[in-house]
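Quick look at the structure:
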C-alpha cells in the first residue's frame, strides 16, 4: 500500500476515535464511528486476496448494521425525552437497542460470529487494530451510558462471551482465530463489570490492549499465522518465544503477571455487589481460555523440531530487538506489584 494512503487511513482512524470519545452528542459519536469503519476497510483488504476482500465486506455490513441501530436508539431516546446528550440516555427501549448495537460493534456473544472471520482475513497488524483500537470507541460509549444500561442483559452476554470465547477457541489451529476468541472472552469480563464499576472495565480494557498488542507484534515479528509455524519459532528466536510464553500466561490471567490484576479486581467487585455465583461462573469459564493459551505457549517454547509437522524450518534471523515489543512485553508481565499505584490513579 502507498505510504501516503496508509498515513491518510491511520490519521482518519485517530480522528474517528477522537471524535467519538470526546463527543457529548449522539450524531457526533455516530460520525466518529463511521469514519473509523471506513478508514479500517482498506487496511483489511490491502492484500487483495479473496479472503481479505470477504473479511472487509463482512466487517462493513456488520458495522453498518450496528451504526444504524445506534442511530435508531439515539433517535428513539430524543423522540421520547428531547435529549441528544450521550449521558442522558434514559428510555428503556433505547437502552436495550444501544446495548445490542454496541455488542454487535464489539463482537459480544450472541453477535460474535463476524469477528473471528474478519480477523482471519486480515493481516496481523490490522488484526491488532481490530482487536484493540477499534473497540475503544464502543467501550467509551458503554462507559458514558453505564448508569442507564440493563445489567441483567449485560451479565448474560458476558457469561455467554466468556463461555463461547473459551469453548470455540479450543480446537483452532490459526493464531488469529485463537486471538479473536481470546478477545471475545476478555470482552465478557469487561461487560459483566461495566454497570457496577465502569472505571474497572476501562482498566481491564487498557491492560488487555497492552497484552494483546505484545502478542500480535511478537507474532508479526516471527511471521506466525498458524500453530505449525509457531512450533518452529524457538530455534529462530528463543528470547522472543520465551517472552511470548510469559505474555500468553499473563493474557490468561495467571498470577503474578499483569493479567491477574483486572480479573482479581473484577471478582472482588462482583463479590461486593453480592454476585458470588456470577464471579464463580466467569472464573471457571476463564479456565477454558487458559487451555488454549497454554496450548499456544506449549507450541512456542516446549515443542522442538524435529517433529511430525510438515513445515520447513526457518533460518536464524539476527534482527535488532524491537523496542515496542520489549516495552509492551515488560508492561504485560510486570505491572502486578505496582497495582496499589494503579488503583490510586483510578
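Numbering (this note's numbering), first residue to last: 180 to 525. Glycine included, every Cβ here is placed at the ideal spot set by N, Cα and C.
Taking a contact to mean a Cβ-Cβ separation below 7 Å, would you say residue i touches residue j in this structure?
i: residue 366; j: residue 278; result: no
i: residue 515; j: residue 439; result: yes
i: residue 381; j: residue 448; result: no
i: residue 452; j: residue 375; result: yes
i: residue 384; j: residue 196; result: no
i: residue 412; j: residue 420; result: yes
i: residue 305; j: residue 223; result: yes
i: residue 299; j: residue 355; result: yes
i: residue 369; j: residue 429; result: no
i: residue 362; j: residue 310; result: yes
i: residue 393; j: residue 236; result: no
i: residue 475; j: residue 427; result: yes
i: residue 243; j: residue 297; result: no
i: residue 406; j: residue 431; result: no
i: residue 255; j: residue 272; result: yes
i: residue 188; j: residue 357; result: no
Among the residues of its own chain, which have a CB less than 7 Å from the CB of residue i, if the five just before and after it don't count?
i: residue 503; result: 396
i: residue 518; result: 440
i: residue 460; result: 338
i: residue 482; result: 410
i: residue 336; result: 282, 287, 288 and 370
i: residue 458; result: 446, 449 and 450
Look at the alpha carbon of residue i and the alpha carbon of residue j, and state the distance between them as a whole number of angstroms.
i: residue 364; j: residue 209; result: 26 Å
i: residue 182; j: residue 229; result: 23 Å
i: residue 257; j: residue 269; result: 10 Å
i: residue 334; j: residue 388; result: 22 Å
i: residue 241; j: residue 293; result: 7 Å
i: residue 478; j: residue 265; result: 46 Å
i: residue 211; j: residue 247; result: 13 Å
i: residue 283; j: residue 312; result: 16 Å
i: residue 250; j: residue 227; result: 32 Å
i: residue 193; j: residue 214; result: 9 Å
i: residue 521; j: residue 444; result: 12 Å
i: residue 286; j: residue 446; result: 23 Å
i: residue 559; j: residue 377; result: In this structure the chain extends from 180 to 525, so residue 559 is not present and cannot be described.
i: residue 317; j: residue 200; result: 9 Å
i: residue 207; j: residue 473; result: 43 Å
Residues in the same chain with beta-carbon distance under 6 Å from residue i, minus the five sequence neighbours each way, listed in chain order, please.
i: residue 225; result: 180
i: residue 409; result: 403, 478 and 479
i: residue 263; result: 204, 205 and 257
Under 8 Å by Cβ, that's how I've got residue i and residue j pegged, so tell me the actual separation to the nearest angstrom.
i: residue 480; j: residue 436; result: Actually they are not in contact, since the Cβ atoms of residue 480 and residue 436 sit about 15 Å apart, beyond 8 Å.
i: residue 245; j: residue 218; result: Not quite, the Cβ-Cβ distance comes to about 16 Å (not below 8 Å), so this is no contact.
i: residue 340; j: residue 288; result: 4 Å
i: residue 303; j: residue 454; result: Actually they are not in contact, since the Cβ atoms of residue 303 and residue 454 sit about 37 Å apart, beyond 8 Å.
i: residue 360; j: residue 417; result: Not quite, the Cβ-Cβ distance comes to about 27 Å (not below 8 Å), so this is no contact.
Near residue i, what residues of its chain come up, given a Cβ to Cβ distance below 8 Å and the 5 sequence neighbours on each side ignored?
i: residue 328; result: 274, 277, 278, 321, 373 and 374
i: residue 239; result: 216 and 220
i: residue 501; result: 396 and 400
Taking 6 Å as the cut-off, does the CB of residue i come closer than this to any heavy atom belonging to the ligand NAD?
i: residue 356; result: No copy of the ligand NAD appears in this structure; indeed no ligand is present at all.
- Item | Given 8 Å, three or more beta-carbon pairs between the segment 426–443 and the segment 312–331 | no
- Query: Are three or more beta carbon pairs between the segment 460–480 and the segment 333–345 nearer than 8 Å?
  - Reply: yes
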